[in-house]
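Enquirer: If you're matching positions, the sequence shown starts at 1 in full-length UniProt numbering and goes up one per residue. By construction, the Cβ of each residue, glycine as well, lies at the ideal position given by its N, Cα and C atoms.
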Amino acid sequence: MQVIIAFLFFGVQFAHSRLERDPSVPCYDEKGRPQRCQPPFVNAAFGRVVEATNTCGVRRVTEYCMQTGVTGDLRQCAKCDDSHPDTRHPPEFLSDFNNNTTKFTSWQSETMLEGIQYPNVVNLTLHLKKSFDITYVNLRFQSPRPESFAIYKRTTEDGPWIPFQFYSASCDKTYNLPRRGQILREDQAICTNEFSDISPLTGGTVAFSTLEGRPNMFDFLHSPKLQEWVTATDIRIVLTRMNTFGDEVFGDPQVLKSYFYAISDLSVGARCKCNGHARECRSVRGQDLEERLECVCEHYTAGVDCEKCLPFYNDRPWGRATETNVNECVACDCNGLSETCEFDPELFRLTGSGGRCTNCRDNTDGVHCELCEANYYRRENQCISCGCHPTGSRHSQCDSNGQCPCKPGVGGMRCDRCLPNFYDYGENGCTPCACFPAGSLNNEPRCDSRTGHCMCKQNVDGRQCDKCKPGFFGLSERDPFGCMSCFCYGHSSECTSASDYFAYNITSTFDTGNQRWTGVTRSNREVETQYNGITQNLGVSSDSREAVYFSAPARYLGDQRFSYNQFLTFDLRLGDDTYTASAVDIIFEGSEKSVSTHIFAQGNPYPGSTVKSYAFRLHENSIYSFTPPNLKSTDFIAILSNLTAIKIRATYMPKGVGFIDNIQLGSARQSFQGGSEATWVESCTCPQGYIGQFCESCIQGYKREPANGGTFARCVPCECNGHSDSCDANTGRCICQHNTEGNNCENCARGYYGDATKGTPGDCTPCPCPNGGPCIQIMNGDVVCTECDEGYGGNLCELCLDGYFGDPQGLVTGRRSDCRKCTCNGNIDPNAVNNCNTTTGECLKCIRNTGGFYCDQCLPDFYNNTYGLCTACNCNPSGTVSQPGTSGCNQKTGQCLCLPKVVGQQCERCEIGYWNIATGQGCSPCQCDIVGSLNYTCDETYGLCQCKPGVSGRTCNQCDKNYYGFSFSGCTECMCDPIGSLDQQCDANGNCPCKTNVDGRRCDRCMENKYDLSAGCLDCPQCYNLVQKQVSTHRANLRDLKLLIEQTSNNPGLFNDSQFFARLSEVNSSITNLLQEAKGLSVGDGAVGKELEALKLALSDVLNKCGEIGRNIATASKATQDSEIDIEQAEKAIERADLALKNAEKFIAVEGQAALDRAVDALGKFGTSSQQMTEIAKRASNKAKEQTLEAQMIDNLSNHALATSKEAYRLANESLNMPIQTNQEIEKLKRA
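#1: Checking 8 Å against the spacing of the C-beta atoms, do Thr240 and Tyr118 come in under that value?
#2: Would you mind giving the Cβ-Cβ distance between Gly490 and Phe694, rounded to the nearest angstrom? I have them listed as a contact below 8 Å.
#3: Rounded to a whole number of angstroms, what is the C-alpha to C-alpha distance between Thr205 and Gln67?
#4: I need the straight-line Cα distance from Thr87 to Ile134, nearest angstrom please.
#5: Would you decide whether Ile235 is buried or exposed? Buried here means 16 or more other CB atoms lie within 10 Å of its CB.
#6: Looking at the C-beta of Phe510, does it have a partner C-beta in chain D at a distance below 8 Å?
#7: If we count the other Cβ atoms within 10 Å of its Cβ and call it buried at 16 or more, is Glu290 buried or exposed?
#8: Using DSSP with H/G/I as helix, E/B as strand and the rest coil, what is Pro405?
#9: Assign Ala554 to one of three DSSP states: helix, strand, or coil.
#10: Where does Gln1171 sit, in a helix, a strand or coil, going by DSSP?
#11: Pick helix, strand or coil for Asp856, following the three-state DSSP scheme.
#12: Per DSSP, what kind of secondary structure is Ser267 in: helix, strand or coil?
#13: Could I get the ranges of all uninterrupted alpha helix (DSSP H) runs contained in the region 188–259, with 4 residues as the minimum, in chain order?
#14: Arg154 to Gln397, Cα distance in whole Å?
#15: Tell me whether the beta-carbon of Cys56 lies closer than 8 Å to the beta-carbon of Cys65.
#16: I'd like the span of the alpha helix (DSSP H) that includes Phe636, first residue to last.
#17: For Gln530, which residues from the same chain have a beta carbon less than 6 Å from its beta carbon, with the 5 sequence-adjacent residues on both sides left out?
#18: Can you check DSSP and say which residues form a bridge with Asp1019?
#19: Applying the criterion that 16 or more other CB atoms from any shown protein chain within 10 Å of the CB defines a buried residue, is Leu139 buried or exposed?
#20: Which first and last residues belong to the beta strand (DSSP E) in which Phe422 is found?
#21: For Thr102, count the other beta carbons within 10 Å of its own beta carbon; 16 or more makes it buried, fewer makes it exposed. Which is it?
#22: Locate the alpha helix (DSSP H) running through Phe348, then write down its first and last residues.
#23: Measure the beta-carbon distance from Ala207 to Ser131 and round it to whole angstroms, keeping in mind my assumption that it falls under 8 Å.
#24: Of the choices Glu298, Pro900, Glu157, Asp187, whose alpha-carbon is the least far from that of Gly32?
#25: Is Tyr863 buried or exposed, if buried means 16 or more other CB atoms sit within 10 Å of its CB?
#26: Quick one: residues in its chain with C-beta nearer than 6 Å to the C-beta of Arg179, no 5 flanking neighbours on either side, listed in chain order?
#27: Please classify Ile912 as buried or exposed, where buried requires at least 16 other C-beta atoms within 10 Å of its C-beta.
#28: Rounded C-beta distance between Ala650 and Tyr549? I'm assuming under 8 Å.
#29: Spatial neighbours of Ala498 within its chain, please: C-beta separation below 7 Å, excluding the five flanking residues on both sides.
#30: Could you tell me which uninterrupted beta strand (DSSP E) segments, each at least 3 residues in length, are contained entirely in the region 286–311, listed from first to last along the chain?
#31: Which whole-angstrom value describes the C-beta separation of Asn275 and Cys306, a residue pair presumed to lie in contact below a C-beta threshold of 8 Å?
#32: Should Lys892 be labelled buried (16 or more other beta-carbon atoms within 10 Å of its own) or exposed?
#33: Within 10 angstroms of its Cβ, does residue 1238 collect 16 or more other Cβ (buried), or is it exposed?
#34: According to the neighbour-count rule (16 or more other Cβ atoms, all chains shown, within 10 Å of its Cβ), is Phe166 buried or exposed?
#35: Going straight from the alpha carbon of Cys898 to that of Gly920, what length do you get?
#36: Is DSSP giving Pro34 helix, strand or coil here?
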C-alpha cells in the first residue's frame, strides 16, 4: 500500500506530462473508421478552486503548535495569519501540487482550541466545472491523519452528495457502518480503519481508488453502474474527527493548539468524461462569463460530455464508445427532405431504425418524410393537395389515390356529387334512395336525382323496387324480371316465396355410364347411344337424314315446376363444324303441349367440332325465343308441372354425330339442411274451396269439376242429399253421414232401413239386430235380422243357442248381455248336453279332479302340474300353515303354504340359516356368531352351528375350554404348562396364570435368575449376571424378529426365488450354530437356547412350507382338478409342522435343562472366584457379542423372508382355496 501511495503522490506529474507528450488515440483510424478515443489522463484538481468551511487566520490570527510525539518535549508554535503571505494557509494551497516553488504549501484549519473538534466537521469542496471519470483521490496531510473522515462526490453539479469512501477507526460509532465492510455492489461505499492511525505525525498520505476491489472492475466499459460510480463534477472531503493522544481532556490550551487539520496536497487522477467520443476537452466561457470545460466531440456526437447525437444523427440510440462498439451516431434517412430528426425508441425497437424526421419540406411528413402531410397525397413523387369538397367530405384528408372521404351517399374523387342510388346533395351528404338491388333494373340501384324514385325491373314495384307487382313473387337479384308470376295452378294470383326450399341441380356427368339417357329421332324412334368411358361423355349418330336427339331419363321428368325460370345447361360437341339449326333443337314436352327453341338462342354459340357450353333459361318471355310465341307463364309452368320429355338435338347434318356431357337442370327441393335458398318456389294464398301450398287440392266439402279433372280443374261444392258436408275431391263420392251410403248418400247404410232421399237426418232407422246387423222389412212391416252372430237365434237374434250363454234381451237378469261360448277349459265331455248354464255360463259337468266356475281350478289339496293335470299336494303338516279357509297348496304351482322361514315344495325343510321345523310354528334363526362360526348355517334338528377350531357353543360364540383369542380365525389353544401354571385356562391374550417365579406365556420357564421349573424355580448362581446383559440384547432382537413374523402372517406375500431359499437355508444354519453356542452358556434355565431353538424350527418350517406352497401353486396352474391333491398335501404339511414344533419345544426343554444343570455343577465345583470361571465368563461374553452380530444378520434375512412370504401366502390362499387351513398354519407359525 505504501508503494501505491508513493506512486499516486509522486507519479502524478510524470503521468500527466507523459500523457501530454503522447497524443491520445484519434477518434478515426488511418482508413477513416471510427474508434474509441478519450482525453488524456490528468490531475483534475490542479489549479481548481477548493472551498473550505474553516481556514486558520481568516477570522483572526491563530496560534498553532506542531506535534513532536515526544512526551514533555517543547512544541514549536507559530501563528497563522491569512493577511500575511508567509503565514497564510488558504485552501488554494490544496491544488497547487505542480507549482514550481521548492517548499511545500498546505491548507490548515483552526485548532481544537477554537472549537474544531467532533461533532463539528470541516468540509473541503473541489469544483471540477465538468464531469470527470475519476480514477483516484489522493490526500497528503501536513498534520496527523484524521481519526475519521469521508470522501463524497456529486455526479451532477446540482445533484446530491454521494459517499465515495469512509475512513475511521470507529466506523460503527461514527458512520454506523461495519469496519472494513465487503464491497458487494458496484456503487457501494464502505468504511475502513486504514489511514486512521495518528502516525505519522506529518506527511501521511491517503490514496482512494474508485475501482479497486469492485465487482465488474475489469468490465468497466460494459457496466453502466461503474461508469456512473466514477463520474463526478465535485469532490468533497469531510473531516469528522481528529486523531489525538488523549491529552486534550485536560483542556491545556498549549495542548489544544497542537490539534488541527492540515493538508499539503489534494490530487484527483481523472479523465475529462467524453464517453469515448472525444480526444480532448477545451475551455469555454459560458453566459455567466465563467470558464468551463467541454468535450470536443466527434463521431457525430454533441453535448458537454458528448452525451448525445447531433440533431440529424439520431437513427440509433446514443451509446458510450467501447473497444468493440464505437456507437457512432448515424444520420437519419429523410429522403433529402429534412435536416433535422429525433430518436424514437419505440420505432427503433420495432424497425431497428430510430430516426424520426422533423420539419419535412415539400408538403411531406412521416418518419422518413416519405408520406404526404395532412390533406395531401402523393402522385408522381409529388405531394398534391387533396382538394376535398367541404360540403360532401367528412374531412380534408384523402387516401393515397386522392380519393376524399365522402359523407354518406356522396361520391366522386373530391366528394362533389351524389352516388348512384342517392339524391339530395347537401351538408349532411346525400339521402339514400334505398333502391333494392334485386329489384332494380339490371341489378344496379339507380333513382331519379330529384325525386328519389328507383328504376325497377319488369315485374317489380315500389318506390325502392323492394316488392313484387300483384300476381308476382320471389324478388331475386338473379331474376332479370325481378319477380316470377304466381302459378297456383291458375286458381290464385296471390302468392309469396315458400320457406325451407333450397336450390338443387339435377345433373348428369356420365362418370358411371349413360345414366339412362337415350337417343331418339324426331319421330321418337329409338337410336342406340355410345358411352365413352375415357372421355366420360355420351355420343350418338344418325343413320339417315332425320335428326337424332338426346332424351332425358325419368329423374328429369314429372313435376318440374321448380325448374321454371332456371337454367338447363350442357356441353355439346359435333363430329364436324357443319350444322343446320332449327326451331326444335331444344324441346320440352308435357301436359300434352310442348315448347322449343333453336340451339343458338339466348346468346348461345353455334355447335361445332369443339366442346361448347350452352345455357337456356326456362321462361316464356320472347327474349328467350321459345315457340310457340306469346305463351303465358301459366302455360309454360303447366308443361313443366307434368314434364314427359326433354330432348336436346345431337345431330345437325344427315348422318351426323354428336356428343354431350355435364347436363344440369336447375331446380329446388324442400330440405332442413340449409343451402342456397330457393326464392322461386311459391306459397299460394288460396280462394274459397282450395287448399295446399300451390292451391293444388280441394278443401273439405268441395270436389273437382269435371271429376278426376286434375289439379287444373276447379273445385265446386259436394252433392250428398243433405247427408254429408264432404266428399272425395277427385271423384265427388260423398263421405256419407246419417247412416246413409252411395255416391250421393242416396241409400241407407248396412244395419239401417228407410228412404235416404228425403234429405233429413232421420231418414234411416237402425235395425233392431245385435251389433248393428243388417235387416229387412217384410210386407207386413215386421223387421227380420238377416245375419245373426254365432250363438244367437230368433227373428231378432234375441236367444242364445245350446253351448252358449247370455241374456240378449235382459229377460232373466234384467241386464242385456251377449251370447258367448261357454268356457270350461276342455274339462267337460263334448258329447254331453247342458254342460253349462245358458244364462250365467257356469260349467256344470267338470271332470279330471277339476272344479270351479269354468272348470279351471283343481279340487282342494290338488294342483295343476306341468302336464296340465291336477295332482295331490302332499304338504308337510309341521311346516305348512293350517288355518280354516286356506288351501293345502297353490293350485297352479303345487307350492304348499309354508310357515315362516320354511321352504320346499311340500314345506319340508327350513331356510338356510334356520332350524327347529318340528315346533309347527315355523323355523327359528340359527344365530351363528359371525366371528366364531364357519358360516351362518346350523343343524336343522339341533341348531348346532359349524364352529371354527377352538370355538364352542351352539352359536359358536365362545372359545372352548383351555382356548383363547376368540377371532375370525377361531380360538387358539392355551397350552399352559401343567407344572408352571396355576390353571390350564389362559386369559383373553393367551397368557396362562403362572406360579410364583414362573414366566412365559405358557408358564413354561422360570423368571430371570431362576431355574428348575419342577422345583418351583430356584435362584440362579451369581455368575449368570456376567452374560445377563448380552442375553437381554438377544431377547430384544428376537422380539423384533417375532414381530416381523407376525406382520408377515397378517400380510403374507408370494415368494418364488431360488436365491431366497438358499439364503433362508443359510439363516437356518446360522440359527443352528447360534443355538449350539447358546446352549454352552451357563445362563440360568436356558431360556435363550429355547427361543433360538424355537426360532430355528420356525424358520426351518417356514422354508419347508415355502417350498410346499411353491409346488402347490405350480400344480394349481397346470390343472384345476389337481387342487384337491394340493390341499391334502398342505394339510399334511401343517400336521408335520405342528408335530415338529412340539418336538422342538420338548427338545429345547430337555437340552436347556441339561445345559443349566451343567452350569450349576460347574459353579459348585469351582466357585465364583475361580480363574477358570472367569475365563468361561469372558468367552461367554465374546460369544454373546458374536451372537449379536449373527442375530442382526438373522434379523435382516428374516425381513426379506417375511416380505416374500406375504405374497406366497396370498397366492396360495387364492389358488388352493384353503383360507381357513392356511390361516391356522400362520397362527401356528406365530406361536412358534
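Expert: Taking the geometry as given:
#1: Contact: yes.
#2: The C-beta separation of Gly490 from Phe694 comes to about 10 Å, leaving the pair out of contact by the 8 Å criterion.
#3: 17 Å
#4: 33 Å
#5: buried
#6: Among the protein chains of the structure shown there is no chain D, as only one such chain exists.
#7: Exposure of Glu290 is indicated by the presence of fewer than 16 other C-beta atoms within 10 angstroms of its C-beta.
#8: coil
#9: helix
#10: Note that Gln1171 scores 45 on pLDDT, short of 50, meaning its location in the model is unreliable; the coordinates nonetheless yield the value given after this. Looking at Gln1171 - three-state DSSP - the assignment turns out to be helix.
#11: coil
#12: Ser267: strand per DSSP, three-state reduction.
#13: 224–230, 253–256
#14: 53 Å
#15: no
#16: Start and end: 633–641.
#17: Gly539
#18: As a beta-bridge residue in DSSP terms, Asp1019 pairs with Lys1010.
#19: buried
#20: 422–426
#21: Confidence at Thr102 is low in this model, with a pLDDT of 49, below 50, so the placement of that residue is unreliable and no value is reported for it.
#22: 345–351
#23: Rounded, the Cβ-Cβ distance is 22 Å, inconsistent with contact.
#24: Glu298
#25: Buried, because 16 or more other Cβ atoms sit within 10 Å of the Cβ of Tyr863.
#26: Cys171, Asn193
#27: exposed
#28: Confirmed, Cβ separation roughly 6 Å.
#29: Around Ala498: Val681, Glu682, Ser683, Gln693.
#30: 291–295
#31: 5 Å
#32: It counts as exposed.
#33: The structure shown does not extend to residue 1238, since the chain is modelled only from 1 through 1232, so no value can be given for it.
#34: buried
#35: Using only the alpha carbons, I get a separation of about 10 Å.
#36: Strand at Pro34.
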